[in-house]
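Here the structure is laid out as structure tokens; the discussion comes afterwards.
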Amino acid sequence: MTSHERIQAIDSSEEIRLLTEVWRSPPGFFGWFTHVNQTSVGKRFIITGFVFFILGGVLALLMRLQLATPENEFLNPDLYNQIFTMHGITMMFLFAVPIMEGFAIYIIPLMLGTRDMSFPRLNAFGYYVYLIAGAAMYLSLFLGMAPAVGWFAYPPLADAKHSPGMGVDFYATVVTFMEISALVAAVELIVTIFKQRAPGMSLNRMPLFVWSILVMSFMIVFAMPPLMVTSIMLALDRTVGAHFFTPGSGDPLLWQHLFWFFGHPEVYIIFVPALGMISSIIITFTRRPIFGYTALVLSLVATGFIGFGLWVHHMYTTGLPHLAANFFTAASSMIAIPSGVQVFCWLASLWGTRPRFATPLLYVLGFFFIFVIGGLSGVMVASVPFDTQVHDTYFLVAHFHYVLIGGAVFPLFGGLYYWYPKLTGRLMSEGLGKASFWLTFIGFNLTFFPMHYLGLQGMPRRVYTYLEPLGWGDLNLFVSLSSGLLAVGFLATFVNVFRSLKRGRPAGDNPWDADSLEWGTASPPPPYNFRYIPVVMGRYPLWEHLKNQEVPVVTGIRSDRRELLVTSLLDAHPESRSKMPGPTVWPLLLALAVGIGFGGFIFHNIFPVVGFILSFIAIVGWFWPRQLAREAREESS
Amino acid sequence: MEHRDPADYFMHPKGIAALWAGLLMAPLAWSLHLGIGYALVDWLCESGHGMIYHLLTLATLLIAAGGLYLAWHSWRIAGPQWPDSGGDPVSRSRFMALSGLMLSGFFTLVIIAQWLPALFLDPCAK
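Protein chains in written order, with the numbering used here: chain A, 1 to 637; chain B, 1001 to 1126.
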């Protein structure tokens, strides 16, 4: 009998009914817009993230169709530029960061043994901002107004003179707007991790996935503001003739500095949560404690810091002094140390065990192979002379896809197979999962490995076509065909997702015999997550619970209102109870108001003022103390 | 060591501050070294005062060494062993202290790696 079942057996149905009533999300179409529970919001982030992943993937296939043969006229140059720009924007801004946050929002409160995130309404607000921003970007593509300057939008190409039209205006304002979503999620995650851990979960007992999300969240807090500032500066350059990035009066390199001060940590913002997923999966499928817990935590923290010291390695060919560039070569090479430590710790964890080779673990093993290749080519391009040779060639395209798909997407898919039973209550098909893994793994390597060679042959990035005498046609055709195989591999997982919703085997609470607290409640979790807040007895709480006859729990949390336990930062000692807000429509209305302010700025300067006034009204509605007044009335009566 | 009850020490602001300082001083020193050093390169070229960069390196190494010392000091108080997964303040502090010790060592290495190019490269070379 699991601890959850034991609790269910001794519990009164009246108490359960009360908790369900208090924590449930309103049903129906209009109710949908009022949900604030972390499981609802997290699931929305995940689903929306995968929708954007599919859209970004379709754009990639269109690019590969265009490049399949030399001098192809399937796409015209401007549309090709819009498509590769939107592919980058989609994958970096609309897929990778939000989906990692989505998994964090869903899983972290469960893993910490709490009932919700610390700021549920802010959580919902973040989702609506993300949804509106993503929809606006794709609207611009369908209207033929998408930016065509790359996801990095370097001035002077991106200034008003060289990129007339509204594409870059869309980019500058929507990117600023969108990062509000990332920031609010990061702040909530930090507070939740620091203040809502189950009693007993001291810092040295925190699951590695929680550590990875903590590092990711701090990175977001420091990396996103420079991007928001610089995209506002670009918008001002374009709309009111400021000259931040104009050669002479300003400096185009200022953009590159600010952009890459965000852009390089962004890679680690995507990659670090994946490292946490890998650790969770390895612990579960080897059924033993991880090797080198402290070293793994330190590697995550060191990566989080050093990730901010690498940005200039994107700018080696801009004419910087050699000495300055070499500072970043040093830092870029040193980051291989924490990455290497992690890989060796995972290998040591797998060593001598008889792991279950289920689909999540296969994706992790695929990660090892692909990420090590991406890491090695990363050390190569950290060197100024080599980077100068391959800069802006397909070698770089190969390198960063090896790092990003190998380092983040493979673990993410492993995480999807791993946590899907918790989200839905059903297991995904193992057969289809393994087929999907092998198709993806083979398709990925056949697609991206030849790009190293194309790059060394001198094929530049971001070109919509190439001439036949250059001799790149055969390899490009091979790459394009392989990309189809890769797409089929991903598609198989999405088919598996839909098929398993109804036909998947019922999962039970803990189908993998995993160690962390999210598996200590029902699948899918009830609206209140846990009937009793558990007390953590070790680093692997569910395995510890199995050893003991009695499972200690927290009592004294009210069931007749949304209430959480607040614990201390270092030791997770109980400190206080916190009342949480319930469902409301105000986060949606505020997101719309802020969206009108940002989006309207593209068309007229009056819209920020309109957006400000509407936001003010929405914030007043949000904070209106109606529940306090109601409670006061109830107490007096 | 002369110290009183370690659990008590690590529950109070002084002990907790020492743990955080041990964790964060070396990464802070590294970020100062990179940020200030990078901003100084043009000035080093124009003024010819290459020694300033070496002094900056020395200053940031001293800050990192301060972090290293605090982390080592805390580790000694917590009992110089490899951290376990105990839920008490001493176990948690040992984990933080050893983490600080290793992070300090690593960032000291990174500062040295960033200093080495200055021995060979002219700040004016482009």
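Just so it is clear, CB atoms sit at the ideal spot from N, CA and C, and this is done for glycine as well.
**Report entry** Minimum C-alpha distance to I405(A) - residue among W23(A), M219(A), G57(A), V41(A)
**Finding:** On the first sequence, position 405 is the one that residue 405(A) refers to. Nearest option by C-alpha distance: G57(A).
Requested in this report: Using alpha carbons as the reference points, say which of A1065(B), S1047(B), F1095(B) lies closest to A1078(B).
Outcome: Counting from 1 along the second sequence, the entry for residue 1078(B) is found at position 78. Here the closest residue by C-alpha is F1095(B).
Query raised in the report: On the three-state DSSP scale, how would you describe M1001(B)?
Result: In the second sequence, residue 1001(B) corresponds to position 1, counting from 1. Residue confidence for M1001(B) is low, a pLDDT of 48 falling below 50, so the modelled location carries little weight; the figure read from the coordinates is stated next. Here M1001(B) sits in coil by DSSP.
Report task. Measure from the C-beta of M1001(B) to each C-beta in chain A and report whether the shortest distance is under 7 Å. Result -> To locate residue 1001(B), count along the second sequence from 1; it is residue 1. Unreliable positioning characterises M1001(B) in this predicted model, as indicated by a pLDDT of 48, which lies under 50. The coordinate reading is nonetheless provided below. Judged by the 7 Å Cβ criterion, M1001(B) is not in contact with chain A.
Requested in this report: Identify whether L75(A) lies in helix, strand or coil by the three-state DSSP scheme.
Outcome: Walking along the first sequence from the start, residue 75(A) turns up at place 75. Three-state result, L75(A): coil.
**Report entry** Beta-bridge pairing of S516(A) - partner residues as DSSP gives them
**Finding:** Along the first sequence, one-based indexing puts residue 516(A) at 516. DSSP output for S516(A) lists no bridge partner at all.
Requested in this report: Could you check what DSSP says for P1027(B) in three-state terms: helix, strand or coil?
Outcome: Taking the second sequence and counting its residues from 1, one reaches residue 1027(B) at position 27. DSSP places P1027(B) in helix when its eight states are reduced to three.
Query raised in the report: Nearest-angstrom Cα distance between A182(A) and S1093(B)?
Result: Residue mapping note: residue 182(A) aligns to position 182 of the first sequence, counting from 1. Residue mapping note: residue 1093(B) aligns to position 93 of the second sequence, counting from 1. Taking the straight line joining both Cα atoms gives about 32 Å.
Requested in this report: Determine, using beta carbons only, whether Q1114(B) comes closer than 7 Å to chain A.
Outcome: The residue you call residue 1114(B) lines up with position 114 of the second sequence. Yes, Q1114(B) counts as interfacial toward chain A.
Query raised in the report: What does a CB cutoff of less than 6 Å around L1070(B) pick up in its chain, not counting 5 residues either side in sequence?
Result: Stepping through the second sequence from its first residue, residue 1070(B) is reached at position 70. These residues qualify, in order along the chain: A1018, A1021, G1022.
Query raised in the report: Can you give the Cα-Cα distance for F74(A) and L67(A), rounded to whole angstroms?
Result: Position 74 of the first sequence, counting from 1, holds the residue named residue 74(A). Position 67 of the first sequence, counting from 1, holds the residue named residue 67(A). Going by the C-alpha atoms only, they are around 9 Å apart.
Query raised in the report: Can you list the residues of chain B that V301(A) reaches, using a CB-CB cut of under 9 Å?
Result: Position 301 of the first sequence, counted from the first residue, corresponds to residue 301(A). Simply L1023, P1027, S1099, L1103.
Query - Same chain only: Cβ atoms within 8 Å of S1031(B), ignoring 5 sequence neighbours per side - result: Working through the second sequence from its first residue, we reach residue 1031(B) at position 31. Once the five neighbours on either side are set aside, S1031(B) has no close Cβ partner at all.
Query raised in the report: Given L1034(B), which residues of its chain have a CB within under 8 Å of its CB, disregarding the five upstream and five downstream residues?
Result: For this step, residue 1034(B) is matched to residue 34 along the second sequence. Closer than 8 Å at Cβ, skipping near neighbours: Q1114.
Query raised in the report: Where does P534(A) fall in DSSP's three states?
Result: The residue given as residue 534(A) occupies position 534 in the first sequence. Residue state, collapsed to three classes: strand.
**Report entry** CA nearest to the CA of I282(A), picked from V551(A), I47(A), W512(A), L614(A)
**Finding:** Taking the first sequence and counting its residues from 1, one reaches residue 282(A) at position 282. When each option's Cα is compared against that of I282(A), the closest is W512(A).
Query raised in the report: Along chain B, in chain order, which residues have C-beta atoms closer than 9 Å to that of V297(A)?
Result: One-based indexing of the first sequence puts residue 297(A) at position 297. The answer, in chain order, is F1095, S1099.
**Report entry** Contacts that R539(A) makes with chain B (C-beta to C-beta distance below 7 Å)
**Finding:** Along the first sequence, read from residue 1 onward, the residue named residue 539(A) stands at position 539. Chain B residues near R539(A): S1085.
Query raised in the report: Sorted by chain position, which residues of the same chain lie with C-beta nearer than 7 Å to E1002(B)'s C-beta, five sequence neighbours on each side aside?
Result: Looking up residue 1002(B) in the second sequence gives position 2. Unreliable placement is indicated for E1002(B), whose pLDDT of 49 sits below 50; the coordinate value is still reported in the next sentence. Correct list: empty, nothing qualifies.
Report task. Run through the region 557-625 of chain A for me and flag every whole alpha helix (DSSP H) of 4 or more residues, listed as ranges in chain order. Result -> 586-600, 607-623
Query raised in the report: DSSP state of V488(A), grouped into three classes?
Result: Taking the first sequence and counting its residues from 1, the one referred to as residue 488(A) is at position 488. Helix at V488(A).
Requested in this report: Could you tell me the boundaries of the alpha helix (DSSP H) in which Y138(A) lies?
Outcome: Reading the first sequence from its first residue, position 138 is the one you call residue 138(A). Here the alpha helix (DSSP H) through Y138(A) covers 120-142.
Query raised in the report: With a cut-off of 7 Å, does the C-beta of S40(A) fall near any C-beta of chain B?
Result: Stepping through the first sequence from its first residue, residue 40(A) is reached at position 40. It does not: the Cβ of S40(A) has no partner Cβ on chain B nearer than 7 Å.
Query raised in the report: Is G250(A) helix, strand or coil by DSSP?
Result: By 1-based counting over the first sequence, the position of residue 250(A) is 250. Looking at G250(A) - three-state DSSP - the assignment turns out to be strand.
Requested in this report: Grab me the residues of A60(A)'s own chain with a C-beta within less than 6 Å of its C-beta, minus the 5 sequence neighbours each way, in chain order.
Outcome: Residue numbering aside, residue 60(A) sits at position 60 when the first sequence is read from its first letter. Same-chain partners within the cutoff: H87.
Report task. Identify which residue in R626(A), L590(A), R633(A) has its Cα closest to the Cα of F616(A). Result -> Reading the first sequence from its first residue, position 616 is the one you call residue 616(A). If we check each option's Cα against that of F616(A), L590(A) comes out closest.
Query raised in the report: Going straight from the alpha carbon of F344(A) to that of F29(A), what length do you get?
Result: Indexing the first sequence from 1 puts residue 344(A) at position 344. Indexing the first sequence from 1 puts residue 29(A) at position 29. Looking at the two C-alpha atoms, the distance is approximately 50 Å.
Query raised in the report: Does any CB atom of chain A fall closer than 7 Å to the CB of S1074(B)?
Result: Here residue 1074(B) refers to the residue found at position 74 of the second sequence. Answer no: the Cβ-Cβ gap between S1074(B) and chain A never drops below 7 Å.
Report task. Ignore the nearest five residues each way along the sequence and tell me which others in L569(A)'s own chain have a CB closer than 6 Å to its CB. Result -> Here residue 569(A) corresponds to residue number 569 of the first sequence, with the count starting at 1. Cβ neighbours of L569(A) beyond the five flanking positions: F194.
Requested in this report: Verify the CB distance criterion: does K1126(B) have a CB-CB separation below 7 Å to chain A?
Outcome: If you number the second sequence from 1, residue 1126(B) lands on position 126. Judged by the 7 Å Cβ criterion, K1126(B) is in contact with chain A.
Report task. Please look up how many angstroms separate the CB atoms of R191(A) and S231(A), rounded, as I've assumed it's under 8 Å. Result -> Start at 1 with the first residue of the first sequence, and residue 191(A) comes out as number 191. Start at 1 with the first residue of the first sequence, and residue 231(A) comes out as number 231. In the sequence on display, residue 191(A) carries Val and not Arg. With a Cβ gap of about 26 Å, V191(A) and S231(A) do not count as contacting.
Requested in this report: Starting from Q1114(B), trace the alpha helix (DSSP H) both ways and give me its first and last residue.
Outcome: The residue you call residue 1114(B) lines up with position 114 of the second sequence. Its alpha helix (DSSP H) spans residues 1089-1115.
Query raised in the report: If we ignore side chains and look at the alpha-carbon of each, how far apart do T246(A) and A172(A) end up?
Result: If you number the first sequence from 1, residue 246(A) lands on position 246. If you number the first sequence from 1, residue 172(A) lands on position 172. Near 16 Å, if we compare the C-alpha coordinates of A172(A) and T246(A).
Query - C-alpha gap between R17(A) and S25(A), whole angstroms - result: Stepping through the first sequence from its first residue, residue 17(A) is reached at position 17. Stepping through the first sequence from its first residue, residue 25(A) is reached at position 25. Cα to Cα, R17(A) sits roughly 14 Å from S25(A).
Query - Partner residues on chain A for S1091(B), Cβ-Cβ distance less than 8 Å - result: Looking up residue 1091(B) in the second sequence gives position 91. Correct list: S202, N204.
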